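Count the sequence shown with mature numbering (1 follows the signal peptide of the UniProt record, and there is no 0) and you get residues -22 to -1, 1 to 313, in order. First the structure, in the form of structure tokens, and then the observations on it.
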Amino acid sequence: MKLRVISFLLCMSFVVVITGCANTSPVTQPQYGPASFTGDKFTAVMVAYAPEMEGILGKIDSDPDAQIHTTTTIKGITYRIGTYHDEPILVFATGMSIANAAMSTQMALDYFPVKQVVYMGIAGAVNPKWQPGDVIVPERWYYHDESVYTNEDAENPGEYVLPEYYAKFMEEQPARIAEDPHYPKYKPFQFIHPDEVLIVKDGMDKPEDTPYFTASPRLLNAAKTAMAEMPAQRILNERNAKLHVGGNGVTGSVFMDNREYRKWVRDVFTAEVTEMESTAIGQVCTINDVDWVIIRAISDLAGGQEGVNTENMYDKEVSRVGANVLFAVLDELAE
């Protein structure tokens, strides 16, 4: 009996000692959030997909003062690290679509020290004055298909039953248009009623309706100067490309190939071009306080053709011209 008591007391003493040691050890707090960086920061040179990337890598390969020295793949996305005229660059393809563009751009800003984003890709013209090979750098970017799909009002043919929140939203339009000359002139396209994205960022108490995102004035000015100094850009030896900075672009989750919808987008957003990534990139950069600009080379008139869309006939050729503009902008930024 005495041996059992002694053994029990020894065991309890051992537990107390171990527990006491555990209680006095320092507790390491986990580090949450994106990485913090010091030193030089990258210019992110971005495209959507392979034909556009060919134009970018071709320009780098042909320039003795440019190189890619490191390639890394993170969650399936290939990021290329290099220099362009002694400036560090990060080159990658976002993937096509709003979701892919937002995801891969946020990944880049979380995993790499990015100071500014210069994006290039092809786009469909909304304004019919633009032709394949023309390059547009819009000042503002809107979502054209952030919207409400409604039922027709059975008692009032041609009218639609609006949710209460959207009816209130529409009541606010005259005041908002009066305050902002770039505000859209919202109207429905059949049962589709345009809406706005809600965003929240540091300094905001709650999410706010946001009609558009504005590219960084510094980068827009660099694009304007670069374009003015570029030599003529020939398209398939047929014509010189028009180069333009300003106006509006629109982004949606659809490949816009409908003539009437394109005309509606032109009326509502005064859009020059349409595509599937840029506004998402602008939103991500705006929320992260990173400068950004989007360069778009026209591949077709959205829904303007008779029969099958032929944008694939021009994608590589106009991507080449878009890449020339992009690197002219980088040259201007380096001066």
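For each residue, glycine too, the CB sits at the ideal point set by N, CA and C. As the structure is a prediction and not an experimental result, all values here were calculated from the model.
In three-state terms, what does DSSP make of M31? Counted from its first residue, the sequence shown places residue 31 at position 53. If DSSP states are grouped into helix, strand and coil, M31 belongs with the helices.
Which two residues bound the contiguous beta strand (DSSP E) that contains S277? Numbered from 1 along the sequence shown, position 299 holds the residue referred to as residue 277. Element bounds for S277: D269 to L279.
When E133, D158 and D173 are compared against Y127, the one with the closest alpha-carbon: Reading the sequence shown from its first residue, position 149 is the one you call residue 127. Answer by Cα proximity: D173.
Restricting to Cα atoms, I'd like to know which of Q261, E250 and Y144 is closest to P106. In the sequence shown, the residue the question calls residue 106 occupies position 128. The residue with the shortest Cα to Cα distance from P106 is E250.
Touch check for the segment 266 to 281 and the segment 90 to 106: three-plus C-beta pairs under 8 Å? yes
Go through its chain and collect everything with a Cβ distance to D112's Cβ below 6 Å, but skip five positions before and after it. As a position in the sequence shown, residue 112 is number 134, starting the count at 1. Excluding sequence neighbours, D112 sits near A219, K220 and I276.
K93 in three-state terms, based on DSSP: The count along the sequence shown starts at 1 and reaches residue 93 at position 115. Strand.
Contact check, Y190 vs Y120 under 8 Å by CB: the rounded distance? On the sequence shown, position 212 is the one that residue 190 refers to. On the sequence shown, position 142 is the one that residue 120 refers to. Confirmed, about 5 Å.
Just to confirm before moving on: does the CB-CB distance between I259 and A79 stay below 7 Å? Taking the first residue of the sequence shown as 1, we reach residue 259 at position 281. Taking the first residue of the sequence shown as 1, we reach residue 79 at position 101. Cβ atoms of I259 and A79: closer than 7 Å.
Quick check on the burial criterion: 16 or more other C-beta atoms within 10 angstroms. Buried or exposed for M182? Indexing the sequence shown from 1 puts residue 182 at position 204. Burial call: exposed.
Identity of the residues DSSP links to P195 by a beta bridge: Here the question's residue 195 lines up with position 217 in the sequence shown. DSSP, once it has assigned bridges, lists no residue as partnering P195.
Just tell me which of H122, A306, A301 and L311 has its CA closest to the CA of residue 321. No information on residue 321 is available, as it lies outside the stretch -22 to 313 that the chain covers here.
Unbroken alpha helix (DSSP H) run spanning M148, endpoints: For this step, residue 148 is matched to residue 170 along the sequence shown. Run containing M148: E142 to E149, per the alpha helix (DSSP H) assignment.
Could you give the distance in angstroms between the alpha-carbon of residue 314 and the alpha-carbon of E186? Because the chain in this structure spans residues -22 to 313, residue 314 falls outside the shown range and cannot be described.
To which residues of the same chain is W108 closer than 6 Å at the C-beta, ignoring the five residues directly before and after it? Reading the sequence shown from its first residue, position 130 is the one you call residue 108. For W108, where only same-chain residues beyond five positions count, the Cβ hits under 6 Å are I276.
Limits of the alpha helix (DSSP H) - the one that F247 falls within: Taking the sequence shown and counting its residues from 1, one reaches residue 247 at position 269. Element bounds for F247: R237 to F247.
Are the segment 144 to 153 and the segment 235 to 255 touching by the rule of at least three beta carbon pairs closer than 8 Å? no
Closest by CA to residue 333, which one among I155, Y89, K241 and E157? What the structure shows of the chain is the stretch from -22 to 313, and residue 333 is not part of that stretch, so it cannot be assessed.
Since G33 and R298 are thought to touch, with beta carbons under 8 Å apart, how far apart are those beta carbons, to the nearest angstrom? The residue labelled residue 33 in the question sits at position 55 within the sequence shown. The residue labelled residue 298 in the question sits at position 320 within the sequence shown. Rounded to whole angstroms, the Cβ separation of G33 and R298 is 5 Å, and the two are in contact under 8 Å.
What's the C-alpha gap between I38 and F70? On the sequence shown, residue 38 is found 60 positions in, with the first residue counted as 1. On the sequence shown, residue 70 is found 92 positions in, with the first residue counted as 1. Each residue's alpha carbon lies about 13 Å from the other.
So Q7 is in the alpha helix (DSSP H); what residue range does that whole segment cover? Along the sequence shown, one-based indexing puts residue 7 at 29. Counting along the chain, Q7 falls outside any alpha helix (DSSP H), and DSSP gives it neither H nor E.
Is it buried or exposed, F169, if we count other Cβ atoms within 10 angstroms and call 16 or more buried? By one-based count along the sequence shown, residue 169 stands at place 191. With fewer than 16 other Cβ atoms within 10 Å, it is exposed.
Assuming the contact rule is C-beta atoms closer than 8 Å, L87 and N266 should be a hit. Round their C-beta distance to whole Å, please. The residue you call residue 87 lines up with position 109 of the sequence shown. The residue you call residue 266 lines up with position 288 of the sequence shown. Right, the Cβ-Cβ distance comes to about 5 Å (below 8 Å), so this counts as a contact.
Alpha carbon to alpha carbon, how far is L308 from K163? Here residue 308 refers to the residue found at position 330 when the sequence shown is read from its first residue. Here residue 163 refers to the residue found at position 185 when the sequence shown is read from its first residue. Spanning the two alpha carbons is a distance of roughly 35 Å.
From E295 to N199, what does the alpha carbon distance come to, in whole angstroms? Taking the sequence shown and counting its residues from 1, one reaches residue 295 at position 317. Taking the sequence shown and counting its residues from 1, one reaches residue 199 at position 221. One Cα belongs to E295, the other to N199, and the distance between them is close to 26 Å.
So who's on the other strand from Q211, going by DSSP bridges? Counting from one through the sequence shown, the residue named residue 211 turns up at place 233. The partner list for Q211 (beta bridge, DSSP) is empty, contrary to what the question assumes.
Using DSSP's beta-bridge definition, name the partner residues of R118. By 1-based counting over the sequence shown, the position of residue 118 is 140. Per DSSP, T192 and N226.
Using the three-state DSSP reduction, which class does T257 fall into: helix, strand or coil? Along the sequence shown, read from residue 1 onward, the residue named residue 257 stands at position 279. The answer is helix: DSSP assigns T257 an H, G or I state.
Give me, in chain order, the residues of the same chain whose beta-carbon lies closer than 7 Å to that of H160; leave out the 5 immediate sequence neighbours on both sides. As a working mapping, residue 160 is identified with position 182 in the sequence shown. Excluding residues within five positions, the ones whose Cβ falls inside 7 Å are R118 and Y190.
Under a Cβ-count criterion, where at least 16 other Cβ atoms within 10 Å of its own Cβ denotes burial, should N129 be classed as buried or exposed? Here residue 129 refers to the residue found at position 151 of the sequence shown. Taking a 10 Å sphere around the C-beta of N129, we find fewer than 16 other C-beta atoms and assign the residue as exposed.
Distance, Cα to Cα, I67 vs E310? Residue 67 sits at position 89 when you count from the first residue of the sequence shown. Residue 310 sits at position 332 when you count from the first residue of the sequence shown. If you take the alpha carbons of I67 and E310, they lie about 15 Å apart.
At the level of alpha carbons, what is the spacing between N287 and F233? Here residue 287 is taken as the residue at index 309 of the sequence shown, counted from 1. Here residue 233 is taken as the residue at index 255 of the sequence shown, counted from 1. Caution applies to N287, whose pLDDT of 49 falls short of 50 and renders its modelled position unreliable; the model cannot decide the point.
Distance, Cα to Cα, V96 vs T21? Sequence index remark: in the sequence shown, residue 96 carries index 118 (1-based). Sequence index remark: in the sequence shown, residue 21 carries index 43 (1-based). Distance between the alpha carbons of V96 and T21 is about 7 Å.
Of the listed residues D245, T48 and M81, nearest to P166 (C-alpha basis): As a working note, residue 166 is residue 188 in the sequence shown. The shortest CA-to-CA distance from P166 to any of D245, T48 and M81 is the one to D245.
Since V268 contacts V115 with CB under 8 Å, what's their CB separation in whole angstroms? For the purposes of this step, residue 268 is taken as the residue at position 290 of the sequence shown. For the purposes of this step, residue 115 is taken as the residue at position 137 of the sequence shown. Contact doesn't hold; Cβ gap of about 17 Å is too wide.
A44, DSSP secondary structure in three states: Position 66 of the sequence shown, counted from the first residue, corresponds to residue 44. The answer is strand: DSSP assigns A44 an E or B state.
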